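J.: Residue numbers (my numbering), protein chains in the order written: chain B, 1 to 276; chain P, 1 to 318; chain E, 1 to 283.
Glycine included, each C-beta is placed from N, C-alpha and C at the ideal position.
Please read these numbers as outputs of a predicted model, since none were measured by experiment.
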Amino acid sequence: MNEVDGTAVRMVQDPTQTIPAEATKPEMKVQLRTEGVNFYYGKYQALHGIDLDVYRHKITALIGPSGCGKSTFLRTLNRICETISHTRVEGKILLDGEDVMELDVTSLRRRVGMVFQRPNPFPKSIFDNVAYGARINGLHRQKRIRDIVEESLVRAALFEEVKDKLQQSALALSGGQQQRLCIARALAVNPEVLLLDEPCSALDPIATAKIEELLFVLKDTCTMVMVTHNMQQAARTAEYTGFFLLGRLIEFDKTDTIFRNPSKKETEDYITGRFG
Amino acid sequence: MATSQAVVRPANRFFRRVREGNEIAYTITVICAASILLVTVLLVFQLWNNSGIARHKFGWSFIGSQTWDPVNEDFGALPLAFGTLVSSALALLIAVPSGLMAAIFLAELAPPKASDVLTFLIELLAAVPSVIYGLLGIFLLVPILKDHVVPVLKSTLGWLPIFSGPFYGYSMLAAGLVLAIMIIPFIVSVSREVLLAVPVEQREAALGLGATRWEATWQIVIPYASRGIYGSIFLALARALGETMAVTMVIGNNPKIAMSLLAPGYSIAAVIANEFSEASSAMHAASLTELGLVLFAITVIINGAARLMMLTTAEHAK
Amino acid sequence: MTNTLSFRRRAVNNVMLSLTAVFTVLVVGSLFVILGYLAYNGWHFLNWDFFTKLPTPVGEPGGGMANAIVGSAKMLLVATMIGVPFGFLGGVYLSEFGGEHGLFPFLVRYTTDLLNGVPSIVIGIFAWTVLVRPRHHYSAWAGGIALGIMMVPIALRSTEEFLQGVPNSMREGAMALGASKAWTIFTVVIPAAMKGIISGMMLDLARVAGETAPLLFTALSSRYWSKGWDEPTASLPVMIFNYAVSPYDDWHQQAWAAGFVLLALVLLVNIIARGVLSRATYK
């Protein structure tokens with residue numbers, strides 16, 4: 001399943017690339033690491049020195065009240081934040097030890113996929129939505145594209161529902177289906193990391209449950225970072241959780257620890273619902 | 001297995017950037033955008049240059065002189081500017097109240113579905129080419145004026161200087177009326193948009209205080225939207241000032257300043273339309289080009305004023 | 001006291017509200033008067049010869065405006081070749097690259113609006129000084145280019161507007177998949193706005209199709225078939241003007257027929273374009 005056309009970007013590390021000492025043996029599990037990330041909208045500083053490790057094939061949840069910077073942080077990881085002008089990132093973001101600022105931005109985004117808060121299918125057919133990523137990766141063989149589309153839809157647990165209407169407009173799907181389509185679209189590029197920005201906030205509980213189920217399966221092949229508003233969701237799905245407040249990472253630990261035995265008072269206040 | 005992107009050689013990186021196309025797309029689109037600046041600058045330059053001999057000969061008296069005489073090469077813009085201004089003013093006088101009333105109906109009273117259909121029809125009216133309005137002006141409006149309207153007008157209001165003198169059909173009155181009919185759709189559709197943008201709470205507040213529907217509209221909604229409405233009026237005025245064909249066909253083409261609306265007149269645009277292709281001399285062509293320059297300057301100023309008003313409305317509405 | 005006052009207020013209310021309806025009926029009614037009168041007069045004089053024959057000399061009955069129909073088509077083709085690409089790509093620049101702020105985008109927006117407000121007769125003079133005067137002859141090129149210049153501002157602003165209507169999440173969605181900015185624009189944003197852009201272009205074309213003033217001294221007119229693109233060329237609007245202001249009855253009849261054809265085409269394109277627009281995903 002990991003065999004993609006040669007032009008696609010692979011997760012395999014180039015042997016000539018020197019690997020920073022701290023990313024070797026004991027911490028090989030760390031796929032994505034940030035060191036002292038600051039983020040500015042113009043003069044306003046939205047993130048203050050975020051240090052965070054994302055472990056391979058695990059789900060990391062980022063929680064915190066709205067406006068705390070968790071979404072902003074997520075958007076620095078694939079540099080999609082750069083699409084807004086007058087913004088600036090400082091600090092280091094390492095993907096498998098490589099500084100993402102040094103990477104070609106489009107290949108970075110193929111390795112680090114993203115699913116947005118509101119489903120954003122393109123106004124094209126279901127098929128073309130999923131095929132889009134494969135096509136911009138330089139795939140042109142129809143057969144291969146069809147395979148990738150089907151495989152991605154299967155992985156996103158949507159195939160059974162749409163297999164008879166692949167040529168219909170994606171906008172005709174329900175909200176939950178649209179969001180799973182967007183996940184399928186992201187998976188079609190075969191990303192190593194998947195960023196999820198409150199993927200269920202626009203969905204009803206049933207659709208939310210389906211997506212959570214899906215994330216659980218996807219963990220085998222993909223590392224995930226999920227921003228969520230919903231603490232139960234973080235508790236249900238994530239192995240690790242980070243708590244953001246006012247642009248700072250207050251606490252980061254195993255989800256169990258964060259929810260049962262937080263070390264910081266702010267975290268405890270937030271978890272127990274004293275604010276936010 | 002493909003290698004990581006970090007070690008791509010410079011040459012490959014170049015081709016990769018070409019393939020991504022950002023620079024190419026930027027360059028092509030920015031050239032197209034810049035072309036509009038270039039054309040506009042060239043337009044001003046050409047008008048200025050080609051009117052050179054007329055500007056040198058007549059100076060500022062070009063605007064003040066009452067004679068427009070191609071045979072003796074004596075050119076003054078005053079009667080033409082007079083015709084342009086009077087016909088446009090007359091058009092506004094008729095079009096603004098009627099257009100505004102229709103806009104009020106469409107925005108405030110008509111059920112949304114009906115309003116959309118009626119607005120669609122009115123916007124079609126705005127798409128009718130001006131030469132068609134001229135055609136109808138000659139064969140429908142002028143005969144009606146001559147046979148039915150003006151006799152009544154003369155018998156009741158004939159003592160007013162503006163309705164004095166003989167009437168032959170082609171006249172300032174006919175030009176003003178045709179212009180009015182042409183700009184009404186424009187005023188209606190822009191004003192309707194402006195009125196629809198007024199927050200519902202404004203109406204509800206007035207109605208809640210016991211105002212009638214009309215009072216709420218006239219005392220609250222219209223003042224709230226007033227800048228936008230003024231903007232639409234200015235835009236309409238700019239159109240009327242520059243309107244050529246319909247005016248040319250009914251204004252009478254006589255470069256004389258007359259008090260009476262029933263007398264024939266001439267407008268800047270009409271004289272250009274009629275005489276340019278037959279301009280007998282270089283001076284004639286240059287004078288007509290200078291008229292074009294004057295018209296250009298007037299419409300730029302009026303359009304600028306209109307946009308300024310629309311802009312402040314938009315900020316006001318925030 | 002309060003009763004009489006409220007009676008007066010109620011009366012004013014009723015009268016004024018009725019008046020707004022009356023004016024609406026009058027305005028909308030004028031469309032039907034125009035259409036009806038043109039159809040009544042034009043239909044009458046419209047026949048097959050109108051579309052296939054050349055104009056006849058004064059006093060000779062029959063004839064048509066085949067050369068003007070072809071001439072209009074030729075000039076509109078030239079206009080489209082200029083107006084659509086420049087307007088479209090310029091609009092892409094403003095919406096996708098230019099941004100809201102900055103001096104250059106501001107200047108482009110400002111001059112676009114300025115050029116849009118320039119009376120068509122002035123555009124005609126400009127085209128004459130650049131394309132007719134140096135070459136000493138009138139041509140379909142000159143007329144077409146004048147119309148093309150008129151098309152650019154509206155094509156540009158409508159393209160910009162429809163591209164702006166595409167939600168930003170579409171752009172982010174494509175870029176998050178690794179599409180470059182240019183790819184995002186041409187494979188996602190523009191296709192999403194395509195229906196709106198096309199309808200805008202159609203409306204723009206319909207507008208210049210009826211323009212007369214810029215053609216009067218660029219393409220002039222002609223009573224014959226013009227060979228190629230470099231001769232004086234007849235067009236429907238100019239023919240209508242020339243025939244309507246002439247003193248001959250049979251020319252008036254031809255003007256009616258031509259007016260009817262022109263109006264029918266313009267309104268048809270308008271209706272189709274608005275139909276396309278109503279199906280657009282983003283407006």
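Going along the region 70 to 89 of chain P in order, which residues come within less than 8 Å of chain E, judged by CB to CB distance?
T.: none
J.: Assess, as a yes-or-no matter, whether the region 202 to 214 of chain E is touched by the region 117 to 126 of chain E under the definition of 3 or more beta carbon pairs within less than 8 Å.
T.: yes
J.: Check each residue of the region 183 to 217 of chain E: if its Cβ is closer than 8 Å to any Cβ of chain B, include it; give the result in chain order.
T.: Taking 8 Å as the Cβ-Cβ cut-off against chain B, the residues of the region 183 to 217 of chain E that qualify are Trp183, Thr187, Val188, Pro191, Ala192.
J.: Could you tell me how far apart the beta carbons of P/Ala127 and E/Arg133 are, in whole angstroms, since I believe they sit closer than 8 Å?
T.: Not quite, the Cβ-Cβ distance comes to about 32 Å (not below 8 Å), so this is no contact.
J.: Drop a sphere of 10 angstroms on the beta-carbon of E/Leu220, count the other beta-carbons inside from all chains shown, and report buried for 16 or more, exposed for fewer.
T.: buried
J.: With a threshold of 16 other CB atoms inside 10 Å of the CB of B/Gln282, please say whether the residue is buried or exposed.
T.: This structure cannot settle anything about residue 282 of chain B, because the visible part of chain B is limited to 1 through 276.
J.: DSSP three-state label for B/Glu213, please.
T.: helix
J.: I want to see whether chain E comes within less than 7 Å of P/Ser35, judged by CB atoms only; does it?
T.: yes
J.: Roughly how many whole angstroms lie between the Cα atoms of E/Gly196 and E/Arg274?
T.: C-alpha separation (whole angstroms): 9 Å.
J.: If you compare alpha carbons, which of B/Leu153, B/Val227, B/Asp128, B/Gly49 is closest to B/Gly91?
T.: B/Gly49
J.: Answer yes if the region 89 to 103 of chain B comes into contact with the region 247 to 266 of chain B, meaning at least three C-beta pairs across the two stretches below 8 Å, and no otherwise.
T.: no
J.: Distance, Cα to Cα, B/Thr24 vs B/Leu52?
T.: Any reading at B/Thr24 needs caution, since the residue's pLDDT is 46, under 50, leaving its predicted position unreliable; the model's value is listed next. Whole-angstrom Cα-Cα distance: 17 Å.
J.: Report yes or no: is there a C-beta of chain E within less than 7 Å of the C-beta of B/Val189?
T.: Yes, its Cβ sits closer than 7 Å to a Cβ of chain E.
J.: With distances taken between CB atoms, is the gap from B/Tyr44 to B/Arg88 smaller than 7 Å?
T.: It is not a contact, given that the beta carbons lie outside the stated cut-off.
J.: Does DSSP classify B/Gln31 as helix, strand or coil?
T.: strand
J.: Once the 5 residues before and after P/Trp48 are set aside, which same chain residues still bring their CB inside 7 Å of it?
T.: Leu293
J.: Could you check the C-alpha separation between E/Phe285 and E/Asp249 for me, to the nearest Å?
T.: Since the displayed chain E opens at 1 and closes at 283, residue 285 of chain E lies outside it and no answer follows.
J.: Going residue by residue through the region 197 to 242 of chain B, where are the continuous alpha helix (DSSP H) segments of at least 4 residues, counting only ones entirely within it?
T.: Uninterrupted alpha helix (DSSP H) stretches at least 4 residues long and entirely within the region 197 to 242 of chain B occur at 205 to 218, 231 to 237, given in chain order.
J.: Give every residue of the same chain whose Cβ lies closer than 7 Å to the Cβ of P/Phe75, excluding the five residues on either side of it in the sequence, and list them in chain order.
T.: Ala54, Phe58, Phe62, Trp68, Ser287
J.: So, do the region 23 to 33 of chain P and the region 88 to 102 of chain E have three or more beta carbon pairs nearer to each other than 8 Å?
T.: yes
J.: Is the Cβ-Cβ distance between E/Val152 and E/Ala193 less than 7 Å?
T.: no
J.: Given that E/Tyr40 touches chain P, what residues does it touch there, using C-beta distances under 8 Å?
T.: Neighbours of E/Tyr40 on chain P: none; closest Cβ ~11 Å, over 8 Å.
J.: B/Gly36 by DSSP, collapsed to three states: which one?
T.: strand
J.: Tell me the rounded alpha-carbon separation between B/Val115 and B/Val193.
T.: 11 Å
J.: Name, please, each residue of chain B whose Cβ falls closer than 9 Å to the Cβ of E/Arg171.
T.: Within chain B, the residues Thr83 have their CB atoms less than 9 Å from the CB of E/Arg171, given in chain order.
J.: Return the Cβ separation of P/Leu90 and P/Leu237 in integer angstroms, given the expectation that the two are a contact with Cβ distance under 8 Å.
T.: Between P/Leu90 and P/Leu237, the beta carbon gap of about 12 Å keeps them out of contact (Cβ cut-off 8 Å).
J.: Within 10 Å of its beta-carbon, does E/Asn168 have 16 or more other beta-carbons around it, so buried, or fewer, so exposed?
T.: exposed
J.: Could you check which residue in P/Ala206, P/Leu241, P/Thr212 has the C-alpha nearest to that of P/Tyr224?
T.: P/Ala206
J.: Taking its Cβ as the centre, do 16 or more other Cβ atoms sit within 10 Å of E/Ala258, making it buried, or is it exposed?
T.: buried
J.: Could you please tell me which residues of the region 93 to 105 of chain P, in chain order, have their CB closer than 7 Å to any CB of chain E?
T.: Flagged, chain order: Ser98, Met101, Ala102, Ile104, Phe105.
J.: Whole angstroms is fine: what's the gap from B/Ile183's alpha carbon to P/Arg192's?
T.: 43 Å
J.: Find out if the Cβ-Cβ distance for the pair B/Pro123, B/Gln179 is shorter than 7 Å.
T.: no
J.: Quick one: which residues of the region 96 to 113 of chain B get their C-beta closer than 9 Å to a C-beta of chain E? List them in chain order.
T.: Val105, Thr106, Ser107, Leu108, Arg109, Arg110, Arg111, Val112, Gly113
J.: Work out the CA separation of P/Pro97 and P/Ala180 for me, nearest whole Å.
T.: 11 Å
J.: Determine which residues share a DSSP beta bridge with B/Ala61 and list them.
T.: Partner(s): B/Met226, B/Thr241.
J.: Residues of chain E with CB under 8 Å from P/Ile233, in chain order?
T.: Ordered by position in chain E, no residue passes the 8 Å Cβ test against P/Ile233, which lies about 14 Å from the chain.
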